[in-house]
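Chemist:
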Amino acid sequence: MTPQADLAAELLIHLARLAQSGGDHRLTPAQWTALRFFARANRLSRTPSAFSAFHATTRGTASQTVKSLVALGLLERHRNEEDGRSIRFELTQAGHEVLAEDPLRNLAGRIATLPEATRTALTAALKSLSGTMALGQEVPMFGTCSDCAHCDPPAGDGRGGTTAFCRCAEATLLATEMDALCIEFRPRGGEARARPASGAGGVN
Ligand code: SF4
């Protein structure tokens, strides 16, 4: 490792701590992470087990965090209409209102002021690093449809909109779903992702 790589790794951790410690303390860092995750994840991924994989924690700890957000009225359980068995979690109106005051917005706002080329390079580097770290640790690699090997390219849906098709979920993807985080993500041209030890995921 080079001193520059050491410094970059330390700065990443420092930045994450600064971002989590600033401002609003009504939720713990784990609760904020869960609230963000359930707001950003797609319907394949809005489960406690997917959250446990994303947050690199145990299923028990993830379930406790989810339960605490349900008790606060920020998340609610929904039974899957398709199979009537599996459960997914959705933000309530109160959850969306709390998330609008997410302390991470401070960091996002600062990233938004960076020159576009820097922002693009930073995002690409972080995506690549999180992917290689996930592969190395044999945990799921989260990503979005536009970079996913399961995604057939978007095409016009005949109604003026754009849709793509997910071969994993065997479902049509709307343009509005393409930027959601997915536990079934597999990088294009990359290695198959490791399955989580927790058995996370599954179509809701
Ligand atoms: S295309 Fe990939 S990222 Fe999108 S829903 Fe399907 S598996 Fe998930």
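For this note's numbering, count along the sequence shown from 1 and bump the result up by 106. A virtual CB, placed ideally from N, CA and C, is assigned to each residue, including glycine. Keep in mind the model is a prediction, meaning the values are calculated, not measured.
Is there contact here, the stretch 148-155 with the stretch 286-294, by at least three beta-carbon pairs under 8 Å?
Modeler: yes
Chemist: Considering just the uninterrupted stretch of the beta strand (DSSP E) at phenylalanine 143, what are its terminal residues?
Modeler: That residue, phenylalanine 143, is in no beta strand (DSSP E); its alpha helix (DSSP H) goes 135-146.
Chemist: Quick check on the burial criterion: 16 or more other C-beta atoms within 10 angstroms. Buried or exposed for leucine 197?
Modeler: buried
Chemist: Measuring only the C-alpha atoms, how far is phenylalanine 248 from glutamate 290?
Modeler: Rounded to whole angstroms, phenylalanine 248 to glutamate 290 spans 7 Å at the Cα level.
Chemist: Taking all protein chains shown into account, decide if alanine 230 is buried (16 or more other Cβ within 10 angstroms of its Cβ) or exposed.
Modeler: exposed
Chemist: Tell me which same chain residues have a C-beta within less than 7 Å of the C-beta of arginine 185, skipping the five on either side of it?
Modeler: Ile193
Chemist: Give a single yes or no on whether asparagine 186 has its beta carbon closer than 8 Å to a heavy atom of the ligand SF4.
Modeler: no
Chemist: Please state the DSSP three-state secondary structure of isoleucine 289.
Modeler: In the structure shown, isoleucine 289 adopts coil according to DSSP, grouped into three states.
Chemist: Under 8 Å, with one C-beta from each stretch per pair, do the stretch 118-135 and the stretch 157-167 reach the 3-pair mark?
Modeler: no
Chemist: Return yes when at least one heavy atom of the ligand SF4 lies under 8 Å from the C-beta of arginine 123, else no.
Modeler: no
Chemist: So what does aspartate 258 bridge to, in DSSP terms?
Modeler: Beta-bridge pairing links aspartate 258 to Phe271.
Chemist: Please state the DSSP three-state secondary structure of glutamate 222.
Modeler: helix
Chemist: Measuring CB to CB, does asparagine 213 end up less than 9 Å from leucine 118?
Modeler: Reading the sequence as shown, one finds leucine at residue 213 and not asparagine. No, Cβ-Cβ distance for leucine 213 and leucine 118 is not below 9 Å.
Chemist: Would alanine 177 be called buried (16 or more neighbouring beta carbons within 10 Å of its own) or exposed?
Modeler: exposed
Chemist: In whole angstroms, what is the alpha-carbon distance linking alanine 156 and cysteine 274?
Modeler: 16 Å
Chemist: Which value, in whole angstroms, describes the spacing of the CA atoms of arginine 294 and alanine 255?
Modeler: The alpha-carbon atoms of arginine 294 and alanine 255 are separated by roughly 4 Å.
Chemist: Could you give the C-beta distance for cysteine 251 and leucine 279, rounded to a whole number, given that I count them as a contact under 8 Å?
Modeler: The distance from the Cβ of cysteine 251 to that of leucine 279 is about 6 Å, consistent with a contact at the 8 Å cut-off.
Chemist: Do you know offhand how far arginine 292's Cα is from alanine 240's?
Modeler: 12 Å
Chemist: Looking at the ligand SF4, does it come within less than 8 Å of threonine 269, judged from the CB to the closest heavy atom?
Modeler: no
Chemist: Measuring only from the beta carbon, is arginine 273 closer than 8 Å to any heavy atom that is part of the ligand SF4?
Modeler: yes
Chemist: Just to confirm, does arginine 183 get its C-beta within under 8 Å of one of the non-hydrogen atoms of the ligand SF4?
Modeler: no
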